[in-house]
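These notes concern the structure reproduced below.
Protein chains: 2
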Amino acid sequence: MSDDSNTKDRILAAARQEFYQKGLAGARMAAIGEAAGVNKAMLHYYFRTKQDLFEEVFISAFGQVIAPIPGILMGEGGLMDRISRLSAYYHDTLTQTPELPVFVMNALQAEGGGLLKRVLERAQIPLPQMLPVLMEKIRAELSEGPYREMDPREVFLNVVSMSVFPFMLKPFLMTLFSMEEADFRAFIDQRRETVPAFLRQALELPADHS
Amino acid sequence: MSDDSNTKDRILAAARQEFYQKGLAGARMAAIGEAAGVNKAMLHYYFRTKQDLFEEVFISAFGQVIAPIPGILMGEGGLMDRISRLSAYYHDTLTQTPELPVFVMNALQAEGGGLLKRVLERAQIPLPQMLPVLMEKIRAELSEGPYREMDPREVFLNVVSMSVFPFMLKPFLMTLFSMEEADFRAFIDQRRETVPAFLRQALELPADHS
DNA sequence: GTCTATATGTTGATAGAC
DNA sequence: GTCTATCAACATATAGAC
């Protein structure tokens, strides 16, 4: 697939770096070419325009963020187990690529609704169709199991918020808490355990003492 | 202060709109001028360069996001009350300006650590000095009150994550959950109550039944 | 497929009249 | 303070040789 000896893939990898950090408007085709070890002209040979190259990168990033959701949340195990798996998935993905969420959300905010619609059509992403089913499943589990009453959309939202947002705050946290790279890593790593525990405490009813 | 009959303030207001949505690189000086009802040249008359104008806007946005934290979390009342007030503050601010967090975090990611350092020096923001005191206060309250053991930084992080991140997901949520503007508003408004409740359940120890 | 050279269009910024 | 006119500096994109 993404072979580094393949020119097209080297360009894509370089474009990812550049777009992730600078966004569509801030990215420079020359910088991408240089990082990929080829001339600017090659970028246009493989991907007609900057916009096209950008959307290729965006679709892949977008997929990384939302494609795994249905598989994880509709998969095996109890509700809390699946929630923990989703949280762990984001933790692992974003540990490797912490710039991902800011890139995606900034693109969505800057390029307007058109981008999202185009991407949902082009890339076959099952989430939009799955989501109502998913929410109904969670709603049913919440009302059966020993859980507090909650809007299933809010459960979903709280899980994602606590799992993803701290990575976006990385530059923030490092400055405010006087952290080095290793400190941040240690801090964020402990959340791999504490986030699911926190969610469990918030969602589960306390054991009956009678 | 920000008087609409004042040219400088009209420019600042227009710049905010433009920078919030498009970021530094994507924003156009011509667009800002047009929105402010003045010529491009005026922007340079009041704010020498695009970069200067941007940093003016960024500092104000950054302050809106973090300046109120010490006052709220060091203020009156119990821990849960102050946490609820912080959550409510973000809720109200971001209801009016949902683009704010993506703008701030994108700027931080794109412009690198230099921006943050410059801003913390220029704008007198007390948070960095206050934060250790704040964390120690929370730590003490957690160990005294009927709360679960937790890293106070994580408490802080979870509060902010659940309060802020959903606003960043606005375009996402509207598409995925098939919401109109009014639907989103209703959904996010209910969180003004449910988020503090969720946090309380996660943090407080269940009442003793004996 | 890959490069050099160049066309073409924007954009931030300034000079200077009013 | 505000405008018009203009400059200089990129940056994307293409043409064409190898």
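One line per chain: the protein sequences are Y and L, in this order. Everything in the first sequence is counted per my numbering, starting at 185 for the first residue and increasing by one. Everything in the second sequence is counted per my numbering, starting at 185 for the first residue and increasing by one. Cβ atoms here follow ideal geometry from the backbone N, Cα and C, with glycine treated the same way.
| task | Taking ARG200/L as the reference, give the member of PRO282/L, PRO254/L and ILE253/L with the closest Cα. | result | PRO282/L
| What residues from the stretch 192-210 of chain Y come within 9 angstroms of chain L, judged by C-beta to C-beta, listed N to C? | TYR204, GLN205, LYS206, GLY207, LEU208, ALA209 and GLY210
| request: Within its chain, find whatever has a CB closer than 8 angstroms to the CB of VAL339/Y; leave out the 5 residues flanking it on each side and keep chain order. | output: ILE267, ILE322, LEU326 and LEU387
| request: Please name the residue or residues paired with GLU388/Y in a DSSP beta bridge. | output: TYR331/Y
| task | If I'm right that LEU304/L touches PHE242/L with Cβ under 8 angstroms, what's the distance once you round it to whole angstroms? | result | About 12 angstroms separates the two Cβ atoms, so there is no contact after all.
| query | Under three-state DSSP, which class holds ASN223/L? | reply | coil
| task | Hey, could you find the ends of the alpha helix (DSSP H) ILE309/Y is sitting in? | result | From DSSP, ILE309/Y is part of no alpha helix (DSSP H); its letter is neither H nor E.
| request: Taking C-beta pairs closer than 7 angstroms, name the residues in chain Y that LEU341/L reaches, listed in chain order. | output: PRO350
| field | Under 8 angstroms (Cβ pairs) to chain Y, residues found in the stretch 311-331 of chain L | value | LEU311, PRO312 and LEU315
| Would ASN290/L count as contacting chain Y if we go by Cβ distances under 7 angstroms? | yes
| request: Mind checking the stretch 275-301 of chain Y against chain L and listing, in chain order, the residues whose C-beta falls within less than 7 angstroms of any C-beta there? | output: GLU283, VAL286, MET289, ASN290, LEU292, GLN293, ALA294, GLY297 and LEU300
| field | Burial state of ALA366/L, where buried means 16 or more other Cβ atoms lie within 10 Å | value | exposed
| request: With DSSP collapsed to three states, give me the class of ASP276/L. | output: helix
| Is the Cβ-Cβ distance between MET363/Y and PRO285/Y less than 7 angstroms? | no
| field | Backbone secondary structure at THR233/Y - three-state DSSP | value | coil
| task | Please go through the same chain and pick out, in chain order, the residues whose beta-carbon is closer than 7 angstroms to the beta-carbon of ILE256/L, but skip the five residues on each side of it. | result | ARG266, ARG269, LEU270 and TYR273
| query | Can you name, in chain order, every residue of its own chain whose Cβ lies under 8 angstroms from the Cβ of PRO223/Y, other than the five neighbours on each side? | reply | Contrary to the premise, residue 223/Y reads as Asn rather than Pro in this sequence. For ASN223/Y, where only same-chain residues beyond five positions count, the Cβ hits under 8 angstroms are GLY217.
| query | How many Å lie between VAL288/Y and MET226/Y at the Cα? | reply | 26 angstroms
| In its own chain, which residues sit with a C-beta less than 7 angstroms from the C-beta of LEU237/L, not counting the 5 before and 5 after it? | ALA199, LEU227 and PHE231
| ARG212/L: first and last residue of the uninterrupted alpha helix (DSSP H) it sits in | Where ARG212/L is concerned, there is no enclosing alpha helix (DSSP H), given that its DSSP letter is neither H nor E.
| query | When the cut-off is 7 angstroms and only beta carbons count, does THR378/L lie next to chain Y? | reply | yes
| query | Can you find a C-beta in chain L that's less than 7 angstroms from the C-beta of PHE382/Y? | reply | yes
| task | Answer yes or no: does any C-beta atom of chain Y fall closer than 7 angstroms to that of ALA386/L? | result | yes
| request: Go ahead and pull the three-state DSSP assignment for MET358/Y. | output: helix
| task | Can you pull the chain Y residues whose beta carbon is under 7 angstroms from the beta carbon of MET346/L, in chain order? | result | ASN342, SER345 and MET346
| For the putative contact between PRO355/Y and ILE372/Y, defined by C-beta atoms under 8 angstroms, what is the C-beta separation to the nearest angstrom? | Wrong, their Cβ atoms sit about 13 angstroms apart, outside the cutoff.
| query | Cβ of GLU365/L less than 7 angstroms from any chain Y Cβ? | reply | no
| With a cut-off of 7 angstroms, does the C-beta of THR233/Y fall near any C-beta of chain L? | no
| Segment limits, alpha helix (DSSP H) that includes MET346/L | 336-352
| request: At 8 angstroms on the CB atoms, spell out the chain L contacts of LEU360/Y, in chain order. | output: LEU311, PRO312 and LEU315
| field | Straight-line gap, PRO254/Y to PHE368/Y (C-alpha atoms, nearest Å) | value | 30 angstroms
| said: Beta-carbon within less than 7 angstroms of ARG384/L's beta-carbon, same chain only, minus the 5 sequence neighbours each way: which residues are those? | reply: MET264
| query | Between which two residues does the alpha helix (DSSP H) carrying GLU364/L extend? | reply | Run containing GLU364/L: none; DSSP gives neither H nor E here.
| Limits of the unbroken alpha helix (DSSP H) element including GLU295/Y | 284-295
| field | Listed by chain order, chain Y residues near ARG337/L by CB distance under 9 angstroms | value | LEU357, PHE361 and PHE371
| message | Rounded to the nearest angstrom, what separates VAL344/L and ARG306/Y at their Cα positions? | response | 34 angstroms
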